[in-house]
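**Student:** For reference, the structure I am asking about is given below.
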């Protein structure tokens, strides 16, 4: 899948575009890239124009521009992405941080989002203890200039089903990608982006602005960082449907890809 680029606030954001039809934007998880959505891209692109922007410092996107101070800036950058590609309205499927900026975009610009799928994400503030723990991990990686084996043993399992046996090939590739991250990428992109994500404000009080019948929440039934209890809490606030992806952790679209793909094909209108 060939990457394309748009320039936003002076930095180049990479993205994948496949297919034709009504636009579907897929937002990927922190520490991953557009390839995370490959199973869904292959099938959705038969019916939709599928676009997958890559987070700053992830995949082939450049380091975050100086304006990337908080989640509102990240949301504004993705709105600029839609503008650059002349996308007036789209479906948005956001997993983890993709759901964080995606939900804020839908709250602030409801005319731009037709259907919103929030996956393995949470729009409340990160609990203080968890936030400080993640900040320490990021500082340790930045100071070391790499993800040490000790850090990998902590970070990698967070993203997968606890038994560790669902997708061993994907797990190993993810581990190797983190192991290969350069000191500059960690220092200039991954650590500051992580602090934007884990330092996000609480948006739960604004959930009444989301359309209950145009929003749905999906969550891996074994998601460690964003457990089903959080998904259910958000669904109650929005008064929308919530569903669990069976036998899946945080990266539920890769651990049970066909269940997720079939859901999206059935739920997203094609016009």
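Numbering (my numbering), first residue to last: 124 to 394. Glycine included, every Cβ here is placed at the ideal spot set by N, Cα and C. Please read these numbers as outputs of a predicted model, since none were measured by experiment.
From the DSSP secondary-structure annotation, give me the bridge partner or partners of residue 236.
**Tutor:** DSSP, once it has assigned bridges, lists 213 as partnering residue 236.
**Student:** Going straight from the alpha carbon of residue 216 to that of residue 165, what length do you get?
**Tutor:** 15 Å
**Student:** I believe residue 258 touches residue 321 by the beta-carbon criterion, under 8 Å. Please report the beta-carbon distance rounded to the nearest angstrom.
**Tutor:** 7 Å
**Student:** Out of 240, 180, 132 and 142, which one is the CA nearest neighbour of residue 204?
**Tutor:** 132
**Student:** Anyone know if the C-beta pair for residue 303 and residue 186 falls short of 8 Å?
**Tutor:** no
**Student:** Could you round the C-beta distance between residue 367 and residue 344 to whole angstroms and report it? I think they count as a contact, below 8 Å.
**Tutor:** Yes, they are in contact, since the Cβ atoms of residue 367 and residue 344 sit about 4 Å apart, within 8 Å.
**Student:** Who are residue 338's beta bridge partners in DSSP?
**Tutor:** 239
**Student:** Please tell me whether residue 163 and residue 391 are closer than 8 Å, where the distance is taken between their beta carbons.
**Tutor:** One thing to note: residue 163 has its Cβ no nearer than 8 Å to the Cβ of residue 391.
**Student:** Could you tell me whether the Cβ atoms of residue 175 and residue 149 are closer together than 8 Å?
**Tutor:** yes
**Student:** For residue 134, name the three-state secondary structure that DSSP assigns.
**Tutor:** strand
**Student:** Since residue 220 is in the alpha helix (DSSP H), which residue starts that stretch and which ends it?
**Tutor:** 220-231
**Student:** Over what stretch of residues does the alpha helix (DSSP H) that includes residue 382 continue unbroken?
**Tutor:** 380-390
**Student:** Run through DSSP, which three-state label would residue 283 get?
**Tutor:** Coil.
**Student:** Exposed or buried, residue 167, counting other C-beta atoms within 10 Å across all chains shown (16 or more means buried)?
**Tutor:** buried
**Student:** Just how far apart, CA to CA, sit residue 169 and residue 256?
**Tutor:** 42 Å
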